[in-house]
Structures are given as structure tokens and as C-alpha cells.
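Numbering (the numbering used here), first residue to last: 5 to 225.
Heads up, the beta-carbon is just placed ideally off N, CA and C, and yes, glycines get one too.
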Ligand SMILES: C[S@@+](CC[C@H](N)C(=O)[O-])C[C@H]1O[C@@H](n2cnc3c(N)ncnc32)[C@H](O)[C@@H]1O
């Protein structure tokens, strides 16, 4: 083991100790899930997925979703779902009563981590490895389609064209152009509205953070 590997291993041990300590202290299923992820998937980038900015953007999504659509849903599809942080937050929010959430991501490495994080949801949670452009949305008939990864997909209009007319969607994008994996950022909320061209908008807003602004639309296709 070289010096960098030893340092990384030490950092992982510290993160695991801290997460387990916090989980013991606050006894919360989501925090217990994070400790499980750190233990079981040491190379997963969960610290990035659960950093304070990511969490703030998702808390904002939950607040505005509840305000505009209420808390009762049958099946929700989360596209570009990554490690399943948003489903975990939805399942652990007392305002929401959700029958099932599917987290769908093209990367085969993220599903096992999402399942570990959402283990306590049992069969109400599924993580699927699929390309969001290849799904049959009409057959799946989700009550709500969430995509907080719009900056990661090349053609937002082409993807939204696959979603049946009248379907409820929650979309987030941002103006964080300098991040290399962001292939489709937007310069403003107006540009995001124009790109999405939703038939009905129930919420449209922006959340400034230190390095970028996040944009969100809730409405129907
Ligand atoms: C970095 S993550 C999510 C960042 C975002 N800010 C969030 O937390 O919602 C973006 C995810 O989109 C996924 N993704 C990109 N293109 C996709 C596609 N065509 N179908 C499904 N998932 C996709 C990537 O694999 C990745 O896990």
C-alpha cells in the first residue's frame, strides 16, 4: 500500500466511523443507509451525492413538490437516479405517502449502491439499469417522472417527447457549465422553461448556490 492508498483507506475508515456514530446517535433510516453504503461500497462517490448542496437542492424539490402536487403518489420514476438519494429522502419524509419509487440510471455501478441506501423501503424501491431514452413511459404509467439530472442528458426535448402528454414531471438543471460531465446546462430559468416547453407549469424557480444556480420546473408534459 502506497502513501495515497493508506491516506484514502484512513479517510474511508474515518468516514465510516463518523457515519456509524451519527447513525447511532440520531437513529434515522436515511443516516443508517448512508453508513451502510460507506461500509459496503467504499469506492462509491456518496459524499458527492450527499453533499450539502445536493441535499439542499433535493430538499427544495421535496418542498415544492409537496406544495404543488401534494404528498400522495402511486409509482414515481426517478431518471438519472444515481445512488438513490432522492428516493431515500422521499421515503423518509412524513409528508409523503408513496407506493413505489423506481430509480433508473444508465450506469450499472450505481444500482447496487441505491439498493443499499434504500434497503429499508423493501420492495417499494427498485433500482434499474436502463437508458432513459429507451424506456416505455406509456406502458410504465408512472404518476410522476423526476429528472434532476437534465444537465447530464444531451437532448432534453427528445427525452420529454417520449413522456406521454399530460404526465407530471419535476425537472432540475443548472448553469454549472465548468463541470465536464454537464453536457446540457442552461443559462437561465427562462432558457430552461423554453427548452422544456411544458404544457402546464405549476412551479418554476431557481436556487442560487455558491458556484452555480439550480433551476426547477414542476408541471405537465
Ligand atoms: C451525476 S448524477 C446526478 C446529478 C444531479 N445533480 C442529481 O443529483 O440529481 C447524473 C446521473 O445521470 C445518469 N445518466 C446520464 N445519462 C443517462 C441516461 N441517458 N439514462 C439514464 N441515466 C443517465 C448518470 O449515469 C448519472 O448517474
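Any non-hydrogen atom of ligand 1 closer than 6 Å to residue i Cβ
i           : result
residue 182 : no
residue 136 : yes
residue 81  : no
residue 153 : yes
residue 25  : no
residue 110 : yes
residue 157 : yes
residue 64  : no
residue 88  : no
residue 144 : no
residue 84  : yes
Other residues of its chain near residue i: CB distance less than 7 Å, five sequence neighbours each side excluded
i           : result
residue 76  : 101
residue 43  : 20
residue 167 : 141, 149, 173, 225
residue 200 : 160, 164, 175, 221
residue 112 : 133
residue 54  : 38, 89
Cutoff 8 Å; reference residue i; Cβ partners in own chain excluding five residues on either side
i           : result
residue 124 : 33, 36, 37, 95
residue 41  : 48, 50, 87, 117, 120, 121
residue 16  : 42, 46
residue 197 : 205, 208, 221
residue 138 : none
Extent of the continuous beta strand (DSSP E) run through residue i
i           : result
residue 199 : Unbroken run through residue 199 is the alpha helix (DSSP H), 193 to 200; no beta strand (DSSP E).
residue 132 : 129 to 133
residue 166 : Element bounds for residue 166: n/a, residue is neither H nor E.
Beta bridge counterpart(s) of residue i as assigned by DSSP
i           : result
residue 122 : None, per the DSSP bridge assignment.
residue 178 : 218
residue 81  : 106, 149
residue 211 : 218
residue 205 : 223
residue 190 : For residue 190, which the question treats as bridged, DSSP gives no partner whatsoever.
residue 76  : 101
residue 173 : 149, 223
Nonlocal neighbours in the same chain, by C-beta distance under 6 Å from residue i, ignoring five residues either side
i           : result
residue 135 : 110
residue 83  : 108, 136, 151
residue 181 : 189
residue 105 : 80, 91, 129
residue 23  : 38, 39, 42
residue 211 : 64, 218
Limits of the alpha helix (DSSP H) - the one that residue i falls within
i           : result
residue 52  : 50 to 53
residue 66  : 56 to 73
residue 141 : 141 to 144
residue 46  : Neither: residue 46 is in no alpha helix (DSSP H) and is coded neither H nor E.
residue 91  : 89 to 95
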